[in-house]
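To start, the structure itself, in structure tokens.
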Amino acid sequence: MTNLSHGQEYNMTVYRVLNGSCSQEASINITTRPSSVQNLTIENRTAHSLQIGWKPPRDPQNHTYTYCVCLINCAIDNESPFLAEGLKGGTMYTIEVRAITKSNVYGDTKTISVMTAPNSPENITVESYSSHQLSMAWNPPKDPNAKDYSYGISWWRDGRTQVDNRIIPDSHYTLCNLEPGVLYLVKVTSKLNGILSTAAEQWTLTSPLPPANFRIQMINQTTAHFAWVNPNSPFSAIRLQWSPSEKSRGNETYPKPLDQAVLHGLTPSTNYTFTIFSTAGNGSLSRDSIGLQQPGATKPEQVSDLTCVPSKDSWSLKLSWTCPASAVSKIVVLVSDQAWKNEPNCSEPVVIQELRPAKVYQIKIKTFWYNQYAVSDTVECTIGTVALLGSLFAVLFLLVILCFLFFYFRRPRMTDVLEEQNPDVNLPRVLGAVPVSAFPHHCYEKLSDSAFSLAVEYQQLQDTGTDQLQSVAQQHENQAKNRYSNVLPYDHARVQLTLKQEDPHSDYINASYMPGYKKEKEFIAAQGPLPATLHDFWRMIWEHRIANIVMLTNCVENGRVKCEHYWPLDYTPCTYGDITVSVITETILPDWTIRDLCIKRMTMSDVRHARHYHYTSWPDHGVPQTTDTILRFRYLVREDLDKMKDNGPVLVHCSAGVGRTGTFISLDSLLCQAQDQGEIGVFSFVEKLRRNRPLMIQNEDQYAFLHQCLLDGIQSAPKNDRVILEHPAVYENILAMQDYEVSRM
């Protein structure tokens, strides 16, 4: 039978006809097969469900149909759409749909293949290593095909204005060129075959810019006065933290726009480290800037109950007092405002001798705690004369006068006693260069007796260059560009940037030209960049064609930010102003890391390269434990420098750009001098450095370490690998560097 309707039930009757007679009827009900469903589609998809829709067949009885949806197992439903649940994310499924008549007759199968959406990324973490960057990471979802996922990332300023978006293959990313102290919403989606998951969201803050020009205006026994310049970026408050040795940290928060504060309740005779932060956000979502530190010591307390008792049989005074409860590093007895004696022990009484008779002396006691001191109240003491009988005076008047004059002029006077007990150290200026052959004996003499001779020599450098102008660095507009208020470049040696027309102060950066052995401007000594000076730092590298950067600090030391992270955290390029920087190669060794960087400027077509030598084993304000690794590091840098021509100065920096930086520049230059001239002039070279930048080689330990490095350097030349490589860490560095150099060929 033909031309029947789909899905229609028919009653068929059959009987036999013979000679006009009909047999008994036999009947059967038969239903034709329904048509296929139309427009089979996926109406909604998630990681764990698919919503399937279709149009019923255009059959007369379609209102009576039910449908079979097969997805792994067969399910029955009587309407569209159908929701398949409990599925796996990012997985391909084949779906079959058939219409079923009420007589349970199945129609033709309609098939569609569809993939569920991937699951969202998990455990998003966001870290702010600088004011302009956020480093993100997340875990891929636990989907069967997660290894094939890529990820979409977008970020929104204040959650409203989209800044940018990216599709990346990895589960980590660094956002660059962000605004400091700003709230961002970051969304991350998984992606497979063009299908995106639901976005995983994370609110985060960039670190605000830190306050600038943090300084201690006054500090006494229990109170300190502070001032600072508020940052030029969004922030909600200023936080002051202080930490005396072996005690818990204190915290105080000051709302903006305060730019000064008074801190009470300090302990006398205590060394403090004061750290200031700016804070963005509030409550559970807040972030601090990097901290700016200032060390400070509170003054000691004065002695009390100061008394003096004249001696009966000599021209002397016996002093006694009550020591303060706070610690005292030493005391100084002042006799008529002149320092008479230094005493390390506060509790021992003092006898002042050789005084003049019939004279009133003003006595005070100075109590010291390192460079801080307090002065006691003044007491007046008188030395009496011996009474002589009148008759003897008449007879022996002339003899007494002569004897008095004789002894008066022979005995040491008070000023002589003062000069004898507190002599000024007027040593001759240190001699010039020492022959290499005599340098070991020279070092032995300097480093013996607890390095006292070397300390005296170092003190002679104290005032070198301090009479020179620092007017540009001290301008108000430039103060926020200085990491430390006491390390400012001299006007005559400062590195100048190209002046921007809209900013008359845009030529300033805290960096100084420094002499080396071969050139007067062989090096640039710079502070570690601040968040606000990152763009200027890279502008200096570009404008002065710097191809070698020596970094002697870690970005964070002892929990404190010493240098802003100024290169990309991974192989994702970062842009600083109009300069884009990419890491081409990175070789991480036990004591240093070598990076090759590619540098492009948006306004120019040329591409430049720089090598970043990062020494990671030098503690702040201290010295490495041995000389081996720093000598090897210096030989590595010098070997590369000697191969290069027509490059700009070598940029050397630590945190302040004076201590470790000055030690490294001196070590390199003096070893070159030893090799070329056969002599070493340590004092004269460091003196030369200090005329270009203050505080080069910041303390006596670094000055002594320089001598030890030079001594070891000339006694174990780089060709003598057996001596240098005895230290296992050094040996590991060298092997890794050999592999590194081979890989670059």
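Going by full-length UniProt numbering, the sequence shown opens with residue 1, and the numbers climb by one from there.
Glycine included, C-beta positions come from ideal geometry on N, C-alpha and C.
Any non-hydrogen atom of the ligand NAD within 6 Å of residue i CB
i	result
S243	Because no ligand of any kind appears in the structure shown, any question about the ligand NAD cannot be addressed here.
Residues sharing a beta bridge with residue i, DSSP
i	result
V126	M136
Y566	DSSP lists no partner for Y566.
D596	T585, R611
I167	G152
W369	Q372
E343	I331
G53	T41
Y576	I579
T275	Q241, Q293
E96	C70, T111
Supposed contact pair residue j and residue i - C-beta distance, whole angstroms, cut 8 Å
i	j	result
T111	T91	With 8 Å as the limit, T111 and T91 do not qualify as a contact, their Cβ atoms being about 17 Å apart.
Y508	N478	5 Å
L178	L285	Incorrect: roughly 16 Å between the Cβ atoms, too far for contact.
F523	V650	5 Å
V333	L319	7 Å
Cβ pair residue i, residue j closer than 7 Å
i	j	result
Y490	Q468	yes
T322	D337	no
P211	I290	no
A200	I124	yes
I100	Y93	no
Q51	L87	no
S171	P140	yes
R560	L497	no
P255	A237	yes
A227	R239	no
I714	A674	yes
P60	S103	no
V658	L695	yes
L552	Y513	no
V97	Y65	no
W315	P349	no
D578	R601	yes
A526	R693	no
Which of helix, strand or coil DSSP assigns to residue i
i	result
W203	strand
L499	coil
R287	strand
L87	coil
N548	strand
R413	Low confidence applies here, because R413 scores a pLDDT of 42, under 50, leaving its location unreliable; read the following figure in that light. Coil at R413, not helix or strand.
G659	helix
R634	helix
Q474	helix
I697	coil
L689	helix
F235	coil
R542	Here residue 542 is Trp; the residue named in the question, Arg, does not match the sequence. The answer is helix: DSSP assigns W542 an H, G or I state.
E557	strand
D305	strand
A325	coil
P440	helix
S453	helix
Buried versus exposed, by CB contacts within 10 Å (16 or more), residue i
i	result
I167	exposed
A325	exposed
Q698	buried
P34	buried
S437	exposed
M12	exposed
R545	exposed
Q38	exposed
T161	exposed
V262	exposed
Y149	buried
N3	exposed
K481	buried
K312	exposed
A511	buried
T253	exposed
Y571	exposed
F452	exposed
R483	buried
K562	buried
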